[in-house]
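Residue numbers (my numbering), protein chains in the order written: chain L, 7 to 764; chain E, 352 to 423; chain G, 26 to 186; chain F, 20 to 311. Beta carbons: idealized from backbone N, C-alpha and C, even for Gly. Only a predicted model underlies this, so the values are computations on that prediction, with no experimental measurement involved. Taking it in order: structure first as structure tokens, then the write-up.
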Amino acid sequence: MKKFTVINTPVHNIDGVAKVTGRAIYTFDVKLPGMLYGKILRSPYPHARIKNIDASRAEKHAGVKGIVTGKDTLGIKQGIWRRFKELCDEEILARDKVRYIGEPVAAVAAVDEDTAEEALDLIEVEYELLPAVFEPLEAIKEGAPQLHENAERNINVTRHIEWGDVDQGFKDADYIREDWFKCSSQHHVCMETHCAVASYSPEGKLTVWTSTQSHYYIQLLLAWVLGLRENDVRVISRYTGGGFGSKFELDSAQFCSSLLSMKLCKPVKIVLSREEEFMATKRRTPMFYYLRTGVKKDGTFVAKEARAFTEGGAYTSMGATALYLTGFFQAFPYVWPSYRYDGYRVYTNTEPSSAMRGFGAPQATFCAETQIELIAKELGLDPIEIRRKNSMYPGYEVPGQAWIQSCGLIQCLDKIEKWVKSRGKLPPNHGIGLAAYGFMSGGIFNWFDTPYAFSAAIVKINVDGKVDLYVGSQDMGQGSNTTLSMICAEELGVRLDDIRLHMGDTDICPVDLGAWGSRETLMQGNAVKMAAAEAKRQLLEFATAKLSPNIVYDLDIKDRWIHLIARPERGLSYYDVVKEAIRGRDGQPIIARGHYTPHRKGMISPAYSFGVQAVEIAVEPETGKITLKNCVTAHDCGQVINPLGLKGQLEGAMAMAAGYGFTEDLPMDEGKILNPNLVDYKVLRATEMPETEVYEVETYEPEGPFGAKEAGEGLTNPTAGALSNAVFHAVGVSIKNLPITPEKVLEALKEKKKKKEG
Amino acid sequence: MAYKCPVCSKVWPDTLDMARHVFGIADQAHKNWVNSKGLNFIELLLIQTMEPGNKGYKTLAELLEKEAEQVK
Amino acid sequence: MEKQLLRITVNGEYHEVYIKPKKLLVEIIRDELGLTGTKRACSTASCGACTVLLNGMAVKSCSILAMQAEGAEVTTVEGLAEGAKLSPIQRSFLDQGAYQCGFCTPGMLISATALLKENPNPTRQEIKEAIHGNICRCTGYNSIIRAVQGVAEGKYREGGR
Amino acid sequence: MIRDFAYFRAKTKDEALDLLDQHKDDCKVICGGQSLLILMRQGLVAPKNLIDIKAAKELSYIDFNKKSGLRIGAATTHREIEKSSLIKEHYPLLTEMEQNLASIQTRNWGSIGGNLCHADPAGDPGPVLVALNASVKMASKQRERTKPLEEFFVDFFETILEPGELLVEIMVPATPPRTALAYEKFNIIKNELGIVSVAASITLDAKGASCKEARVVLGAAAPKPRRAKEAEKLLIGQKLDDRLLERVGEKASEETEPVTDIHATEAYRRYLVKVLAKKMVKKAWEKAKALV
């Protein structure tokens, strides 16, 4: 019998048919009887005190049903870092002060969206303008405007990571290089904008349909800020139109629709416009990076010192996590005998920066890989060789931080080296750049302070053999519903179509922290596997009794066949055993629970994915324009569960990361985003996509279900760095300031020319 | 040998680790304690990033060396 | 502003609705006719999530007044399958995993359908240009391109799923 | 949010002109509306009356004869122009331009007339049609007039159309012998509006040695599609060489008034005009040469 009967075989997602027939009902599509429509009034100023809000004219406007302002809230400052009170700093509906353009100050519910929008114009807000500050390096200066009382010099969070003797390391180094980098911001651009439908009933129960990555987080945060009991809040999220890190914090649509619904006892729907989405949700954290790196002549890494100043925006959000992770992944995926990182997150009067796919690692990887390429050049070393020489390896411990159990980085480098060689000599102004990366499989940290297990699952086997699988994880398109069903089917020994998955509803699903930080496959996957194993054990008890095998025989189930492992032909039908088992248990279906919380796995994550990406580009020297030609990735994500889903994840990550590298940006003027629409904000389109190729390097991750670990998020890490290295090899200039626009390339080329001549 | 944080009594193997904890938590209580000892919490943080050699943390660690109670 | 009569056939069903003339085609399809398969993801005619067939042409239903579709035949994603029998492009999308969050998928399917009707054997470049007006933030497009190629190669010619 | 308006559907040109006459003080004409509806949604345009000429089939046509050249009805869609075999044969640059204009969805519904009336200096048809020496016919209930397209544009999003007037036809003369054109826009994402664009038309003398007539038209480099007349002068009577191209490029970039925005600085736009002008003149010239 082959190793696996379900996993490692490509299947289309279990919710695929609903999606290709237009039957999938997203929050955006939810319509309830008597439903009202809400709109949110937002601050036009980056920093101002709210002196008075007069909504009397708006209230009288025909069709308006209700209005809420900060006065109608409990004034609770919330945040995801619940363990740290001072990092819970966002009220969502500001009472006294607004700190960025787009911050909500009032919300209206009306019979339709147009009426609500008209009413917004009738609300008069009296602001006292305050001096504002927009750049982190300005905001920490003496005398800069201060956003939050308790944050002197606007320093929000600091992080320090250190191991080895850095100062001695630099003494031992033959070559030391210093560089400053600027990593730009990026927007998630989920196709479904943030939206929610809240329905409060007189019994004091609040039901919220919303587009989210974590119904559990939203349930708790809503209960907290609304003064409700956790389980009087029900959050439903069946389909989510993209997340990418933007949808696991409490947002203005969820909060304002809930407030309005509680006030009016009617369902209220709020959908953010694309412009609101850009201006007033969250975004990738912009970073200023200083890197000082010491290496030996032969390229051996000896010391690295990194400092990051991140533009935090007005509130903490998940930016504190990004600050930590960027520092950790700055040292990835290499062995650094000594490393020191100081990260500062600084409040500024801009849209809060937070989590976005890669979670600080793309910024770190861009800087690190760009610098390594320059070092290799300086020392006349082969870019692949220097990476291979310093690569992490299985069993390596990142001192005091993490323990690497599986690591296929070397194999990835080998595969990419082969591909690069196969390209032969490139035409002029073409170049191949590469970047190595790694990423976590779910975070170990519990700043949210949940008393529950990080992941939990329930398996119930019905009399017809159909298996109900209850998970708390959220599928926002990454395909976790399918992955988890496959894990369940494999472990239980049934087929994928025997599984009926239940998710996206806090009333019926066990707790999972949600789909962020690449948690689901490993953490939720382990919980599912444990539940399935327990259900299987219960079934095998009956089977053993029935088969009464010689004591040396063990039983197993594969493809609905319960059999003796040593004599597969001797067995029973899964269906028959299920029927009898349930009859034998006085008619109770078989129910089993599973859970997972990482223990003794360091500070960051239980497991890490690794990979190397090579990007081939062409540069137009007279304009600086970049064209993507090829993108090849060698990737180690442990045991592959669904090859089809994996490929899609990797290709999608590459497209998003390439956008970060050379087309996407959020330019601002005095805190106002200048391109809050999809005309001026340039996401890659099909016409810009190069051919992509993915090499799977299979390793076995002892901590993961069937040896699986992260895939899909980590791949946003390498592309920007690979791009900048490709430009370097194509035309000999290195751009340290994202995004790599034609104008920047051209400027650099002119500089280079000047140097040559002068 | 270990050290007890004079503010929250959390125990740390050495004072540099404790300095990390103090800066990391960075709540009002810890800030106030540092400032009450004649150092400037924010200045220390900024020195740390403006000058090489781990200055900020070392300075705080030295203070903690003196102030923090040692525990077995 | 008094409402005006709009006569429109959607997925073969004839409708007469009274609407405000400022209503966009997508608003009528979603709100009046309750066909929520067609999505909206921008307000600048950039994303293509609202793409429908209007008299056989792919158009962005967020950038057309419903009144301009008077007497027209509209096909939305709900009109692609015959009962349980999915259309070739739908099946190919499944086989290639050419969707993830699924929010852009209805528009993508319509753009792909229009292309294949006009050009049954498109080149890779022609496919790229045909879906240029549709943003997908999840897949990176290549699986969608493979799905269209799959249909062009005739994989789905006869028999349903 | 789109403000309410009174909607009128014109089935014929005359109906349209009557309606325009009645509502000339506060109305807008919609055909494809691919640009107009975006402005209306942003509240930048809020007409009391909206006159829809999409159903006026007589305003949608393409015809060509060797002497008088090409006539395109204002309501003709971009896609119809792109797919027209007549145009592909006699004005291949128009076909090429349309293939690179926005998305298929937009080309399927948007009209050439609407595009010109929107008068976005970054639009593609403007520069190309000016290079083709096109003119436009405008009609009102009272009169009809014809103007060179060059003079049709006044400023950013502004044309010479008067209240009550409708753009009804675009006329492109037959291309003179030994004449060829080229057009290119610079953008990051294919088919999006150009950061700048340049169209060039070169007519060679009988021997095909030197330039007899030239048109160099700049897009997105000024408040309206602009002819680089000084650059054109440099070409007349000259033979093609790199020094000439260099000077033409220089001149053209001097004749621009570009703006700095999030997509490019003024300096970069000037520079790009130079690059593209050189490239397009050379391309057109070589194509013309091949005709001799």
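Setting aside the 5 residues that flank it on each side, K395 of chain L is surrounded in the same chain by G305 and T306, each with a C-beta closer than 7 Å to its C-beta; the list follows chain order.
S216 of chain F sits away from E184 of chain F, with the two beta carbons spaced by 8 Å or more.
Taking 8 Å as the cut-off, the beta carbon of C359 of chain E is found no closer than this to the beta carbon of A419 of chain E. Chain-order list of chain G residues neighbouring G52 of chain F: S88, I89, L90 and Q93, by C-beta distance under 9 Å. The Cβ-Cβ distance between G448 of chain L and Y222 of chain L does not fall below 8 Å. A contact between stretches requires three or more CB pairs, one per stretch, nearer than 8 Å, and the segment 223-236 of chain F fails this requirement with the segment 360-378 of chain E. The continuous beta strand (DSSP E) containing F445 of chain L extends over residues H436 to M446. Interface criterion not met: the Cβ of L140 of chain G is under 8 Å from no Cβ in chain L. For D378 of chain E, the nearest beta carbon of chain L is closer than 8 Å to its own beta carbon. Interface flag for N383 of chain E against chain L is unset, since no Cβ pair is found closer than 8 Å. The DSSP-derived three-state label of L79 of chain G is strand. With contacts defined as CB atoms closer than 8 Å, V700 of chain L and K421 of chain L fail to qualify as a contacting pair. Counting only runs of 4 or more residues that sit fully inside the segment 244-304 of chain L, the alpha helix (DSSP H) segments are 258-270 and 280-286, in chain order. Take the alpha-carbon of G249 of chain L and the one of C72 of chain G: they are about 17 Å apart. Taking C-beta separations shorter than 7 Å and ignoring five residues to either side along the sequence, the partners of V102 of chain G in its chain run G62, T63, P131, L134 and I135, following chain order. The closest CA to that of L432 of chain L, considering only L:P389, L:C201, L:V737 and L:A726, is found on L:V737. Collapsing the DSSP output to three states places F392 of chain E in a helix. The alpha-carbon separation between A271 of chain F and T114 of chain F amounts to approximately 25 Å. Counting along the chain, N134 of chain F sits inside the alpha helix (DSSP H) bounded by residues I131 to H137. The beta carbons of L38 of chain F and F24 of chain F sit no closer together than 8 Å. T725 of chain L: member of the alpha helix (DSSP H) spanning T725 to V737, first to last residue. Taking a 10 Å sphere around the C-beta of R162 of chain F, we find fewer than 16 other C-beta atoms and assign the residue as exposed.
Q369 of chain L is a Cβ neighbour of C189 of chain L, given a cutoff of 8 Å. Annotation for V111 of chain L: the continuous beta strand (DSSP E) segment containing it runs P110 to A116. Closer than 7 Å at the C-beta level to chain L, one finds these residues of the segment 275-286 of chain F: I281, A283 and T284. With respect to chain G, the C-beta atom of S220 of chain F has no partner C-beta closer than 8 Å. Here the C-alpha atom of Q124 of chain F lies approximately 34 Å from the C-alpha atom of G364 of chain L. Between R290 of chain L and E265 of chain F, the alpha-carbon positions lie close to 43 Å from each other.
Looking only at L:K678, L:V404, L:P389 and L:S730, the smallest Cα-Cα distance to M285 of chain L is reached by L:K678. Chain L places a beta carbon closer than 8 Å to that of L397 of chain E, counting this residue as a contact.
For W215 of chain L, no alpha helix (DSSP H) encloses it; the enclosing beta strand (DSSP E) starts and ends at K211 to T216. Residues of chain F with a Cβ closer than 8 Å to the Cβ of D686 of chain L are, in chain order, I281 and H282. Inter-residue distance for R506 of chain L and G485 of chain L is about 15 Å (C-alpha atoms, whole angstroms). Annotated three-state conformation of Y340 of chain L is strand, per DSSP. Of all residues in the segment 120-132 of chain G, the ones placed with a Cβ closer than 7 Å to any Cβ belonging to chain L are D120, G122, Y124, Q125, C126, G127, F128, C129, T130 and P131, in chain order.
Taken through DSSP and simplified to helix, strand or coil, N167 of chain G comes out as helix.
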